[in-house]
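In what follows, a single structure is set out as structure tokens and then discussed.
Number of protein chains: 2
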Amino acid sequence: MTLDDLKHAQRERLIFLDRCLTWRGMANRRDLIERFGISTAQAALDFRVYLGLARSTPPIYDPVRKTYIAASEHEPLAPSGLTEAFDILASDDESTPSAALPRPERKADRRTIALLHQAIRSGKAVHVRYTSMSSGADDGQWIAPTRFTSDGESVHVRAHSFKHGEYRNYLPIRIDPDSSFEEKLLAEPLPVDVDWNTRAIIWLRPKSGLSDRQASVVRREFGFEGEFLRVETRKALEFFFNRRWGLDEKGARLERAKTEYEPIAPAWPNDH
Amino acid sequence: MTLDDLKHAQRERLIFLDRCLTWRGMANRRDLIERFGISTAQAALDFRVYLGLARSTPPIYDPVRKTYIAASEHEPLAPSGLTEAFDILASDDESTPSAALPRPERKADRRTIALLHQAIRSGKAVHVRYTSMSSGADDGQWIAPTRFTSDGESVHVRAHSFKHGEYRNYLPIRIDPDSSFEEKLLAEPLPVDVDWNTRAIIWLRPKSGLSDRQASVVRREFGFEGEFLRVETRKALEFFFNRRWGLDEKGARLERAKTEYEPIAPAWPNDH
DNA sequence: CATAGTCCGTATAATTTTTAATCGTATAAT
DNA sequence: ATTATACGATTAAAAATTATACGGACTATG
Numbered sequence: 001m002t003l004d005d006l007k008h009a010q011r012e013r014l015i016f017l018d019r020c021l022t023w024r025g026m027a028n029r030r031d032l033i034e035r036f037g038i039s040t041a042q043a044a045l046d047f048r049v050y051l052g053l054a055r056s057t058p059p060i061y062d063p064v065r066k067t068y069i070a071a072s073e074h075e076p077l078a079p080s081g082l083t084e085a086f087d088i089l090a091s092d093d094e095s096t097p098s099a100a101l102p103r104p105e106r107k108a109d110r111r112t113i114a115l116l117h118q119a120i121r122s123g124k125a126v127h128v129r130y131t132s133m134s135s136g137a138d139d140g141q142w143i144a145p146t147r148f149t150s151d152g153e154s155v156h157v158r159a160h161s162f163k164h165g166e167y168r169n170y171l172p173i174r175i176d177p178d179s180s181f182e183e184k185l186l187a188e189p190l191p192v193d194v195d196w197n198t199r200a201i202i203w204l205r206p207k208s209g210l211s212d213r214q215a216s217v218v219r220r221e222f223g224f225e226g227e228f229l230r231v232e233t234r235k236a237l238e239f240f241f242n243r244r245w246g247l248d249e250k251g252a253r254l255e256r257a258k259t260e261y262e263p264i265a266p267a268w269p270n271d272h
Numbered sequence: 273m274t275l276d277d278l279k280h281a282q283r284e285r286l287i288f289l290d291r292c293l294t295w296r297g298m299a300n301r302r303d304l305i306e307r308f309g310i311s312t313a314q315a316a317l318d319f320r321v322y323l324g325l326a327r328s329t330p331p332i333y334d335p336v337r338k339t340y341i342a343a344s345e346h347e348p349l350a351p352s353g354l355t356e357a358f359d360i361l362a363s364d365d366e367s368t369p370s371a372a373l374p375r376p377e378r379k380a381d382r383r384t385i386a387l388l389h390q391a392i393r394s395g396k397a398v399h400v401r402y403t404s405m406s407s408g409a410d411d412g413q414w415i416a417p418t419r420f421t422s423d424g425e426s427v428h429v430r431a432h433s434f435k436h437g438e439y440r441n442y443l444p445i446r447i448d449p450d451s452s453f454e455e456k457l458l459a460e461p462l463p464v465d466v467d468w469n470t471r472a473i474i475w476l477r478p479k480s481g482l483s484d485r486q487a488s489v490v491r492r493e494f495g496f497e498g499e500f501l502r503v504e505t506r507k508a509l510e511f512f513f514n515r516r517w518g519l520d521e522k523g524a525r526l527e528r529a530k531t532e533y534e535p536i537a538p539a540w541p542n543d544h
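Residue numbers (my numbering), protein chains in the order written: chain L, 1 to 272; chain F, 273 to 544.
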């Protein structure tokens, strides 16, 4: 019996329960009831199933505090990071400003995104007018979009540009919504997207100039023990890496030590 | 009949369906089946319920493409931004690196977080040893944690520091896991957290020096039409704002025009 | 032009999940 | 002592979901 044997709905509930125990160290039926709108009876059933699953380190009911308390050596059923933890820890007051700092939210045109998505699915090229920050709007060009990507700030479309003869990342919002969006079947298969299919392994270390003590604080914060922190991404996204990790900022506490590249075994042969 | 009348599980499914139609412009029963592990019959029922809800701009079945196509004036049942869109657009290949650039993931000690959470709930002060980047570990101090916060990179605890006589943001990871974590009832109620209960309204504009054309690209990307983009947060989080929005970076495209403050009506009177 | 394949839809009964309604126990507060 | 609130358990009823079978519309293919 594992989480996977359960239905989606109950699995979601048990994962939530698991995270309450992991990060709050405690959980109630009430937590499930409020979050999922289920009955007390169902919440009690969920608890029983959970206790069955967490056989190695089950939480224990504390009649004094009237809650389940996670075992001190509690082993989460499903892994979760600080992001998920915050969801569970921040009890939100809808009305007032959020407890989280707002992020710059980039916009996009629904119709443009959908057209790109359909071009990706059907493997067609589309005609678009693209505006770049430096050179302004072009007169229209054919691109063959292959997938969506994210640099953490905004969503990009990865596409083969016939004009430039290479794969590039485009920002959908900069595509003129009044482009023709004419579609065209590809005369010949697209070239392989080498940068997409290259793994970039980036090794970071505490910024030189930090004292040993400071360096060890940095290691603890980012969760590595040895000399380097290893981060893996695709070469096609490497351009955005420094900004995302703030490496070029004044207060940076990490720096790049080295970068290695290796081909990614394609999931399907000849993945474009 | 609205989304709210449904059970949690079906509501989740219909929201997913709604987002498929919004961002992909198309949807199948198969999408629901794969995502939620339901039967074809149930997926067909979900579609019928959806069609009942989306009475104003219902999607239409296209027998040629064998999918539902969103109406051109499709009105989403539930709002969603680019983040949610990406979840739906990026079909993930578990095995290979993600299509999204990895973020710096900050760590935290489960036990420390749980202890803080329980101190917040019970309104107690705890004794912790805190390590700051500059001055190293202290000898231990009493803090009264009040809530968790996020600056988008990491999770903080907002706490009243008796040592400094003010509220501060602490990084849980910098609390020594071997602190005593001794608890103490508060002798007197905590002072009001003024900065937390102050709304900071930040007005941004395209960075000066940009051409008119560039400025209009920026306006489109961030979704504002007039002179300013209005962003709202809490004064207690304002310190992190510039970094989160990259305003101090070289390539910044927005700059702060002005900032206004106003008290937030407390959800409960005397909210600490 | 027949055939297979894939999408849709419907309808039925069988099964599983969830609820509603009660009851019992332990703890804390008044 | 009484009340309130956690928890637990059990029952029958209701609701959601599945398994299965069937038929229609369209495409692609030999």
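Cβ coordinates follow ideal geometry from the N, Cα and C atoms, glycine included. These figures come from a predicted structure and were not determined experimentally.
Check	Outcome
Taking 9 angstroms as the cut-off, decide whether the C-beta atoms of L/L14 and L/L53 are in contact.	yes
For L/N242, report the span of its alpha helix (DSSP H) as first-last.	F241 to W245
Determine contact between the stretch 73 to 89 of chain L and the stretch 117 to 135 of chain L, defined as no fewer than three beta-carbon pairs at a distance below 8 angstroms.	no
Does the beta-carbon of L/S154 have 16 or more other beta-carbons within 10 angstroms, so that it is buried, or is it exposed?	buried
To be precise: take each residue of the stretch 75 to 100 of chain L, compare its Cβ to all Cβ atoms of chain F, and keep it if any distance is under 7 angstroms. Which residues remain?	G81, L82, A85, F86, L89, A90, D93, S95, T96, P97, A99 and A100
Rank F/E493, F/D465 and F/A380 by C-alpha distance to the C-alpha of L/F224 and give the top, closest one.	F/A380
Is F/V489 helix, strand or coil by DSSP?	helix
Quick one: what's L/R158 bridged to in DSSP?	L/R147 and L/N169
Here's the rule I'm using: 16 or more other beta-carbon atoms within 10 Å means buried, otherwise exposed. How should F/W540 be labelled?	For F/W540, the pLDDT reaches just 48, beneath the cut-off of 50, and the residue's location in the model is therefore unreliable, although a value from the coordinates is still provided. Looking at its Cβ environment, which holds fewer than 16 other Cβ atoms inside 10 Å, F/W540 is exposed.
Please report the residue range of the beta strand (DSSP E) in which F/R287 lies.	Strictly speaking, residue 287 of chain F in this sequence is Ile, with Arg absent from that position. Element bounds for F/I287: not the beta strand (DSSP E) but the alpha helix (DSSP H), H280 to R291.
Have a look at L/E73 and F/A386 and give me their C-alpha separation to the nearest angstrom.	13 angstroms
Return the chain-ordered ranges of every alpha helix (DSSP H) run that is complete within the stretch 294 to 329 of chain F and spans a minimum of 4 residues.	301 to 308 and 312 to 325
Is L/I113 helix, strand or coil when you go by DSSP?	helix
Hey, how far is the Cα of F/P449 from the Cα of L/L51?	28 angstroms
With a threshold of 16 other CB atoms inside 10 Å of the CB of L/Y261, please say whether the residue is buried or exposed.	exposed
Taking the continuous alpha helix (DSSP H) assigned at L/A200, which residues delimit it?	Note, L/A200: premise wrong, no alpha helix (DSSP H); beta strand (DSSP E) at T198 to P206.
Going by the CB atoms, is the gap between L/F162 and L/A144 shorter than 9 angstroms?	yes
Residues of chain L with CB closer than 9 angstroms to the CB of F/G297, please, in chain order.	R110, R111, I113, A114, L115, H117 and Q118
Grouping DSSP H, G and I as helix and E and B as strand, with all else coil, what is L/H74?	coil
So which of L/N197, L/V218 and L/P263 has the shortest CA-CA distance to L/K207?	L/V218
DSSP beta-bridge partners for L/S132?	L/G136
Which residues of the stretch 499 to 510 of chain F have a Cβ closer than 7 angstroms to any Cβ of chain L? Give them in chain order.	V503, E504, T505, R506 and L509
Taking Cβ-Cβ distances below 8 angstroms as the criterion, which residues of the stretch 120 to 134 of chain L are in contact with chain F?	T131 and M133
So, using beta-carbon positions, are L/A71 and L/W23 closer together than 9 angstroms?	no
Three or more C-beta pairs under 8 angstroms: does that hold for the stretch 229 to 241 of chain L against the stretch 188 to 202 of chain L?	yes
Look at the alpha carbon of F/S488 and the alpha carbon of L/F16, and state the distance between them as a whole number of angstroms.	43 angstroms
Strictly by DSSP, which residues pair up with L/P263?	L/T198
Please say whether L/R111 and F/G309 have beta carbons closer to each other than 9 angstroms?	no
Our contact map puts F/D423 next to F/F512 with C-beta atoms below 8 angstroms; I'd like the distance itself, whole angstroms only.	4 angstroms
Using 10 angstroms around the beta-carbon of F/N542, count the other beta-carbons present and answer buried if the total reaches 16, otherwise exposed.	Residue confidence is low: F/N542 scores 42 on pLDDT, short of 50, so the model does not pin down where it sits. Its coordinate-derived value is still stated next. Result: exposed.
Check this for me: beta carbons of F/P331 and F/R291, under 9 angstroms apart or not?	no
Assuming F/E371 contacts L/R147 under a Cβ cut-off of 8 angstroms, what Cβ separation, rounded to an integer in Å, is found between them?	In the sequence as displayed, the identity of residue 371 of chain F is Ala instead of Glu. The pair is a contact, with the Cβ atoms about 6 angstroms apart (cut-off 8 angstroms).
On a CA-only basis, which of F/L476, F/Y439 and F/E499 is nearest F/D465? Give me that one, please.	F/Y439
Quick one: which residues of the stretch 458 to 487 of chain F get their C-beta closer than 7 angstroms to a C-beta of chain L? List them in chain order.	R471, R485 and Q486
Whose CA, out of F/S452, F/R446 and F/I392, lies closest to the CA of F/A431?	F/I392
Under 7 angstroms Cβ to Cβ from F/F319, same chain only, skipping five residues before and after it: list those, please.	R301
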